[in-house]
Structures are given as structure tokens and as C-alpha cells.
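Participant:
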Amino acid sequence: MELDANAFGRSARKALLDKTLQEALGRTTGRFVAHRDAAVAAFPEFEATRERASRIKRDVLDHLDTYLARFIGEAEKRGAIVHVARDPAQAREIAARIARDEGVTLAVKSKSMAAEEISFNEALQGAGVTVVESDLGEFIIQLAGEAPSHIIAPAVHKTREEISRLFERHLGEPRTDSIPELVGMARKHLRAKFLSAGMGVSGGNFLAADTGSVVLVTNEGNGRMGTVLPRVHLAVVGIEKIIPRMADLPTFLRLLPRSTSGQTISSYVSILTGTRRPGDPEGPERMHILLLDCGRSAILEGKYREILKCIRCAACLNACPVYQSVGGHAYGWVYSGPIGAVLTPLLVGLPEAAALPDASTLCGACADVCPVKIPLPDFLLELRSDAREQGLKTPGEIAAMKGYAGVMKRAGLLEAIERIAGVLGQFFTKGKGIGGMPYPFSGWTERRDFPAPAARPFRKRWKIKRGVMR
Amino acid sequence: MTYTTGMDPKEPIPVSLFFTCLADAFSPGVCGATVEVLERFGATVRVPLSQTCCGQPAFNSGNRKEARAMARKFLRSFPDDGYIVTPSGSCAAMVKHGYPVLFRDEPRMLARARAVGERIYELSQFLVDVLGVTDPKSDFSGKVTYHDSCHLRRGLGVVEAPRKLLRAVPGVEFVEMEESDRCCGFGGVFSVKYPQISCKMTERKVERILATGASYVTSGDLGCLLNIGGLISRIGYPVKAIHLAEILAGKTAGRWDAG
Amino acid sequence: MNERESLFRRLSAACAGHDGAAAGEPLPDGAPTAPEGDRVALFAKTFTAAGGVLFRGPVETALSDLGETLRAEGVTSLFFPEGDAAAREIAEALVPFGPFNLTTGAEVRGGSAEVTAGFSSAEAAIAETGTIVETSAGGKTLLPGLIADVHVSIVPAASVVVRMEEALAAFTAYPPRNISFLSGPSKTADIEQTLTVGAHGPKKAIALLLAQDTLSLLPRLEPRVSR
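Protein chains in written order, with the numbering used here: chain A, 28 to 497; chain B, -16 to 242; chain C, 389 to 615.
(1) Go ahead and pull the three-state DSSP assignment for H315 (chain A).
(2) Would S547 (chain C) count as contacting chain A if we go by Cβ distances under 7 Å?
(3) Are at least three pairs of beta-carbons, each pair with one atom in the region 37 to 52 of chain B and one in the region 422 to 439 of chain A, less than 8 Å apart?
(4) Any idea if D122 (chain B) is buried or exposed, counting beta-carbon neighbours within 10 angstroms, 16 or more meaning buried?
(5) Do T519 (chain C) and F559 (chain C) come within 7 Å of each other at the CB atom, strictly closer than that value?
(6) Could you pull the start and end residues of the beta strand (DSSP E) that T523 (chain C) belongs to?
(7) Hey, K9 (chain A) and L133 (chain A) are a contact pair by Cβ (cut 8 Å); roughly how many whole angstroms apart?
(8) Can you find the residues in the same chain that come closer than 6 Å, C-beta to C-beta, to G138 (chain B), ignoring five residues on each side of it along the sequence?
(9) Comparing alpha-carbon positions, which option in A:L377, A:A479, A:K436 and A:T472 lies nearest L407 (chain A)?
(10) Would you check if there are 3 or more beta carbon pairs closer than 8 Å linking the region -9 to 9 of chain B to the region 469 to 489 of chain A?
(11) Hey, would you say T56 (chain A) sits closer than 7 Å to N345 (chain A), going by beta carbons?
(12) State the DSSP-derived secondary structure class of G(-11) (chain B), mapped to helix, strand or coil.
(13) Since D63 (chain B) meets chain A, which of its residues come closer than 7 Å, beta carbon to beta carbon?
(14) Buried or exposed: P487 (chain C), going by 16 or more other Cβ atoms within 10 Å of its Cβ?
(15) Taking only runs of the alpha helix (DSSP H) that begin and end inside the region 444 to 477 of chain C, which ones reach a length of at least 4 residues, in chain order?
(16) Secondary structure at P635 (chain C), three-state DSSP: helix, strand or coil?
(17) Name, in chain order, the residues that DSSP records as bridge partners for K136 (chain A).
(18) Closer than 7 Å by C-beta to K223 (chain B): which residues in its own chain qualify, once you throw out the five before and the five after it? Chain order, please.
(19) Considering only DSSP beta bridges, list what E156 (chain B) is partnered with.
(20) Tell me the start and end of each unbroken beta strand (DSSP E) in the region 90 to 129 of chain A that is at least 3 residues and wholly inside, in chain order.
(21) Under a three-way DSSP split, which group does G153 (chain A) fall into?
(22) Among the candidates C:G462, C:E553, C:T492 and C:A404, whose CA atom is the shortest distance from the CA of L91 (chain A)?
(23) Does the beta-carbon of E416 (chain A) have 16 or more other beta-carbons within 10 angstroms, so that it is buried, or is it exposed?
(24) Is there at least one Cβ from chain B nearer than 7 Å to W471 (chain A)'s Cβ?
(25) So which residues of chain A does G527 (chain C) contact, with C-beta pairs closer than 9 Å?
(26) Given this structure, state the Cα-to-Cα distance separating L605 (chain C) from V447 (chain C), to the nearest angstrom.
(27) For I491 (chain A), count neighbouring C-beta atoms within 10 Å of its own C-beta (all shown protein chains included) and say buried if the count is 16 or more, exposed if not.
(28) Relative to chain A, which residues along the region 395 to 407 of chain C have a C-beta separation below 8 Å, given in chain order?
(29) To the nearest whole angstrom, what separates the beta carbons of L243 (chain A) and G231 (chain A), a pair I think is in contact under 8 Å?
(30) What residues from the region 203 to 225 of chain B come within 8 Å of chain A, judged by C-beta to C-beta, listed N to C?
(31) Less than 7 Å between CB atoms is the rule here; does Q108 (chain B) satisfy it with respect to chain A?
(32) Taking the alpha-carbon of V538 (chain C) as reference, which of C:G471, C:S394, C:T464 and C:A545 has the nearest alpha-carbon?
(33) Which same chain residues, not among the five before or five after S48 (chain A), have their C-beta less than 7 Å away from its C-beta?
(34) Our contact map puts P(-5) (chain B) next to T27 (chain B) with C-beta atoms below 8 Å; I'd like the distance itself, whole angstroms only.
(35) Tell me the DSSP secondary structure of P422 (chain A) in three-state form.
(36) Which chain A residues are close to P178 (chain B), counting only those with a beta carbon under 7 Å from its beta carbon?
Structure (C-alpha cells):
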């Protein structure tokens, strides 16, 4: 997917003015949050499960080399062909080669953020393969020629009217304002694709190291269809999706759907291990697993390693008031919300996405809901500090900070400045708020007043009333 | 951590006031109100006059070099023992959680920062958890709603203390707003870097405040109140943003009016 | 050095010195505690909560209710896997409640115009989540729960387990190609966050819960996962 993360400010302003998007965001994120909170409240073991999952994931990161080797060995023992890609270009090359070698002309794909990361569809189209997105939201987005705006609900910004227009234009379906009818149209269209596709492409929510299994969690059942019906199954998965044992799966299944949508469990969980066995009436004859490094081993080496615990539930997006205000497109890449603000700079390089760590008030709502306890606000702060160290801050900001720190060094100097500001402030505002401030504070005063400095600061009042103490 | 209730009222409790640079310059009445409330419950308030800013704006914007300089200054300004109390959840959280990050590579400073972090309290937290105050003895009256500042609630875990105090003021009709724990959009440098998003969040907060029909919105952080109050004053809504300390001080807050 | 070796070299370097966050200390469990009522009652509750429709009680009544429901759904043909005797028996027993044709999975797979109900025996059922467990173990087909418009799972009461761990335990040593947890109908909320069924899989998920004593009536209904 094309990267435009540093345009966050501009894209966000556009999003704020987009009426349809604002309506959709208002309707959806609130519901996600309410459902998630209700599901957590109804599950007394949530905190214990969260702690368990967090520790299992930390153990995985501490021994990722061992667990990944185990996963590859077990998967290959059961007939899967495992590939590893160092970077997105190499991953695209491998994916295209797999499709060519397997003689595939049509592939059905279920949702995969990992595949988005490497621009998978473009790679296959380059190899002459038609890729049909089978997740309903992704399918709609594909018809519209856009990028998804949410890890879990990619078409969150599209209304039924827009979708019906798309179906009319691309599928030749009559216009309708009935959502079940729209779903039925997509079902009919996509069923035909599932039955004729040579390859099903999936991501992977979890990789069980002890059995070499790829685990898929979906509500629509597209992941299930695409991994049972076509002759070839290709799973594109980040190496951090490992869990040690299949027996650990229930722990994560208790967290993921609750955190995402407030469901006790998603409609479909598929645990897929190797190729079809002799005597199996269906299932893929060939299974490829494309494991992505694409920056992950480098993250593992540094101070942000815990970000690799993420299970892509999107709870942090839904809880984030910034995401709720601007939606996902503004973040300019695959991942949005707090996880995107941390993960994107780490995967594509901070200079390419330095605007994102600033896109947070550090309110901490994300850390509250993270089911694997990733300290997202701490990481945002750490990235802002990295930006300074890497010379990515504007000279203006640095000069302002230096000046401010200089003033704060001496209480006497601060007091003198406060006195001048107080006199000026009172003179110009007559004690009321300031309605217009110069850049960089002009944005603040566009719709809000800024307080006028007090004529007599507290320090002075204390000295007058109580005499000087130290 | 010292956690005592039912302290002997005759025993003076030395408290250093960390009045915060924001309140000093923009709302000195909040600092005065804090002094009034602390003294009402037996504290001997000392005000280290060399204090300036805890360095949070620099820390939160990633400018750690400057933040570290301010943190050193803060640690020098306050005495080595006794409670430090501040009318700001955000500034207390900075000292408690931010300083150990700033000094993670300096063991001696780290130990000092941690020790100070153990002694620092936000006002309502100090009143309820340390002094065991159940009745703030305030003569304030009016219909009040409370906004949870993010750093007081999530940073320090203080949720009930301010509510307990507000409910105990006889003249206060306390009413909860929807989404009281949702960020008001201030976020320090965030409101300067992304003012439109910030404002969008503030508008939603103000909508929730107005829906309660309260005459006052209060909070434990002046930053939030300046932000919320700035929008309220621009539109001219019939509600006033006022610091929790001012409600607890009641009429005695007037003793600190500029004059 | 090939790409795989180079990856492992990078990973080993990154893992070095990070040992055992989880070492020593026992993990908190996190699995839900045993239900207050019995596991079958809990399953009935959770399966319904997941959007499924449950039929239980005397087998004759359950069959007649099921037949009614299938007719109401506009089902015209019933299909069952060749080797699934219980599914066959139930499907055949339902014909008089029709008109229903009996058809094969192959026809349905080819894309028939009929509204189909697929029948299959559940491998296990999970009370914690309201889940039907199906697998490809032993050459079983997954088509009834995959491509039919309505899926009917036959669930002997003895096959209901409380927690997911119990259902998985039977497969961890030799996992089949496909282990599926099915919990309610195929759902989507991708359009305006409006919950809609039948995105890809069955629009209706039905469980026919057979009590222990009906096993004598239908002698081949044996639980696959013993408790």
C-alpha cells in the first residue's frame, strides 16, 4: 500500500470536513466501544486472561528464533511449503512466483493486513493473476479502488447508498437500500469466485508452533471458504504471529473477538495444518506459508519489541478519540489509530512517518483496552524523543523548547516575564480570554479562546500575603 | 507510601505546594484555593519559590534534553522530605512516571526521582487517601459535573477521590456526564500541532457537559479546564469551567484574589 | 547464506539476552470457571447467543419443529455427507415434513439453484462459546457447514464440553488439515455496522441437541470426543 503518513495533518483536516465519514465514524466507533466494554464486563476472567496472553506473547518474543524454527519444521512435516521474505519487495516476488508456478489465474483473498503491508494484490496482478477480495468490506473497497480504513471494518466510511451504486456499476445489480439484499448480491458474486478460483489467499491470526498450524478467525466465513475450496492455499503472515502451542489458542480466542467487536467468539475459527490428507474429500493440495520479516526482526532487537505482541484486534483504534475523530485513512498506511502511530514508523522508518507519533493526546485510552498490554502511550513518547534525536523536529520547535527551558531555569526570570505578560495581557484583553494568537498557536484560537495571563501570578501573591519562604 | 486516616489534627503536616507554572501564570486563584483547603485540614503549607515547571511540555513533545534540565531544577527546588501536593494530576503524573524515564540512565538521579515520586500527590488524592477527609467543609453551591483528566485518572489511578469530595459538599448538586473519562482534546502540544482534531474532541466534551445541565464543570487539571473553558467562552455557553480546588475552597478562595 | 538462515541469524541476535519473562512464574489461568448450571444448558444458552437456533427435547418433537423451520426458511433440498450415518438418518426422517429433495454435496458444490440445508454430525460442542466443532479428520467433508444456506449440526449431549481446551485436546497430537469452530451463522457488519447474516456461509445455524436417551433410538449417534 502506498505510504502517505507524513500528510497526517492535511488528511486529518480533510477527514474532519467529510460529512459522510464523520457520520459513519460517529455511528460505528461508539458501538464498537460499547460492545467491547459489555463483553469484558461479562467475562470476569478477562484480566487474568489478558495477563496470561501478555506473558505468553512476551515469551514468544524472547524465543522467537526457537518457536519460529519449530513452526516451520512442523508445517513442512505436514506438507506445507514455507517461504520467508526479508522485505516487501522480496515478499511480492515470492508471492508472484508461487502464483505463476501453481498456474493460478484467479485468486480469492480474505483480509490480511500483512498482505496490505507488502502490496500483495499489485504483485499478483503484475503476474497476470486476478485477485478478488472476499471479505465484504474489502470487496467494497476494492470495487471503489480505495484503501481500507480500519483493521477490522475496512468499509466503515461507506454508506449503503454508495455501496449500492458500486454494485450497480461493477456487478450489474439493481439499486437497493436494503443491507441484506446488498449482502446477498456480494454473496452470490463471491460464491462463484470461490468455486472457480485456483488459489485462496489468507492472512493468519495465529501460528501454532507445536503443530505448524495457521489459525484464521472470521465472521463472514470467507477465510474458511478460501482455505477449503481452492486447490492452493497461500497464507501471508508476519513472523510475530507465533503462539507456542495450539493449546494456547483458547487464551487468545477469549480476547480477540471480545476486544474487536464484543463477541464471545467469532463465527468461524479455522485451524489449518498442512495440506489435505489422503482420503480427504476437499482441502488444498498445496499449502504455501509466506512468512514476513519486513522490519520485524529489527523491531525485536530494540526498545519497541513489545509492539510485536499485537494481535490486531483494533480495540485501540476504537477507543482512541483521535481515531474516532478522523478515521483510518488519515494515518496514510496499512495500520491506523494508536497501533498505526507506533507500528508504521517502526516498519517504514521514522522519517517517513514522524507525523504519526504526534497524533495523540497521550490520553491512555488505548493502553486501557489493549488485550496484550502493549504500553502504547510510552512508545508514542519514546518515538517523539527519537524524532528529536534523529533531527526530525522543526528548528522552530527546538528553538521554542530551548527558549522555554531557558526561562524555566530561573524562577526570577520566569517571574519577570510573567509580570510583563500579565500587564500586556490585561491591557489588551481587559481580563477576558484571548481570541486570536499568532502562529503556532493560531490554530488553538481559531475556535477557542486562550486565557489571558494573570496580572499578578501566584508566586507574587504568596510573597505579598505570607512573606518570602525559601 | 504513607497512608493514614484519622491523623492527629494537632500534629502539623508539612506539605510543600507544587503550584504548577500553568496555574501560577493563568489561574493563580487555583493555587490560593489549594493552600486554603490544605490549611483547613491541618497542613502547614510551604511554597518553594524557586520552583518553575516540571518539564512536561518538553517531555511530551519528545524534547528530553530540555525536559531533563527542568526535572533537575524541580528536584532541586523541593525539600528532601514531606509531602508534595499539587492541584494537577498531569504534573504529579509527570514527576511520578515521567522522571524515571528521563533519568533511566542515571542511577543516582533515578533513585531521587523515584523517592520524590513516592511523596507527590494530586490534591484530591492527598485529601482523601492521606488525610482521610470525608467532608471538605466547603460552602460552595451549584450544580457541578466532573471531567476526568486523563493523567489523573489513568496516570495516577484517581477516580473516586474527587467524586467523593464533590458529593460531600452540601451545596453541590453533583451530576455525572456521559463519557466523563474521554479526553477533552487538550493533550498539551497536541492542541498546537493538530488544533482542528483537538477542537473536534473538545466540542464533543462540551456537548456532554451541556447535556448535564450543570452550571459548573470541574476537573483536577487546569490544562483541560483552560481548553474546555476556551471553547465555552468563545461560544458563550452558560456553564463555567472551574478547578476542583476552587470548589473545595468555597468562599475562602476569595482571600487570594489579586487585589 | 539463504534467506531463511539470514532471518534466523537476525532473530537469534535479537533474542539473545532476553530470557524468560515467563520463566518460573506460573501463568494465570484465565479460562472461565465451570458453569453453575450443567454444560448442556450452558451450551444451549451460548449457542443461541451466538445467533444459532437450537432444537432439543423428545426427538419426534424436535424433528417436527426442525422440519417446520426448514420449510419456513424456504429450504427445498437436504444434503448430508456420504459417510455420516446420523446426518443421513435425520435428513431422511425430515423428508415427510417437506417437500424436500435429498441431494448430494457434489450438486450443491456445483452451484445449485435450490435452497439447501446441509446436515452433519458435530465432532464436539463447546459450552463456553456456543461452538460446534467440525474437522476433516478421517476424511470427513466440511461442505454442509460451508456452502449450504442452512446448516444443521447434530449434537449428542455427551459431546458437549465446557471449555475450548477440552475440544482441542483430542487434536493437538495429530491435527487434521482442518479444525473448524462454527459459532452461529455467517455474519457481517461491514455495511453501516448493521449485523447481517449469510455473508458467505450459512444464513442459519441450527443445532439438533440429542439427549443421551435418544441414542438408543438413533444408535449410530455416538459422540466422537469422550469426556
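All residues carry an ideal CB built from backbone N, CA and C; glycine is no exception. The model shown is predicted, which means the values in this text are computed figures rather than measured ones.
Facilitator: In this structure, then:
(1) Of the three classes helix, strand and coil, the one that applies to H315 (chain A) here is strand, per DSSP.
(2) Answer no: the Cβ-Cβ gap between S547 (chain C) and chain A never drops below 7 Å.
(3) They touch, by the three-pair rule.
(4) exposed
(5) no
(6) T519 to T523
(7) Chain A is shown only over 28 to 497; residue 9 (chain A) falls outside these bounds and no answer can be derived.
(8) If the five residues before and after G138 (chain B) are omitted, its C-beta is found closer than 6 Å to the C-beta atoms of A76, all from its own chain and listed in chain order.
(9) The option with the nearest alpha carbon to L407 (chain A) is A:L377.
(10) Cβ pair count under 8 Å is three or more, so yes.
(11) yes
(12) Caution applies to G(-11) (chain B), whose pLDDT of 48 falls short of 50 and renders its modelled position unreliable; the model cannot decide the point.
(13) Neighbours of D63 (chain B) on chain A: none; closest Cβ ~13 Å, over 7 Å.
(14) Looking at its Cβ environment, which holds fewer than 16 other Cβ atoms inside 10 Å, P487 (chain C) is exposed.
(15) 447 to 460
(16) This structure gives no information on residue 635 (chain C), because the portion of chain C shown stretches from 389 to 615.
(17) A:E160 and A:V228
(18) S198 and Y199
(19) B:K126
(20) 107 to 112
(21) helix
(22) The shortest C-alpha separation from L91 (chain A) is found at C:A404.
(23) exposed
(24) yes
(25) R304, P305, G306, D307 and P308
(26) Low per-residue confidence applies at L605 (chain C): pLDDT is 48, beneath 50, and the placement is therefore not dependable enough to give any value.
(27) exposed
(28) L395, F396, R398, L399, S400, A401, A402, C403, H406 and D407
(29) Right, their Cβ atoms sit about 7 Å apart.
(30) Residues of the region 203 to 225 of chain B with a Cβ closer than 8 Å to any Cβ of chain A, in chain order: L209, N210, G212, G213, L214, S216 and R217.
(31) Under the 7 Å criterion on CB atoms, Q108 (chain B) is classed as non-interfacial with respect to chain A.
(32) C:T464
(33) With the sequence shown as reference, residue 48 (chain A) is identified as Leu, and Ser is not the correct amino acid for it. Taken in chain order, the residues that qualify are A42, H184 and G354.
(34) 4 Å
(35) helix
(36) G470, W471 and E473
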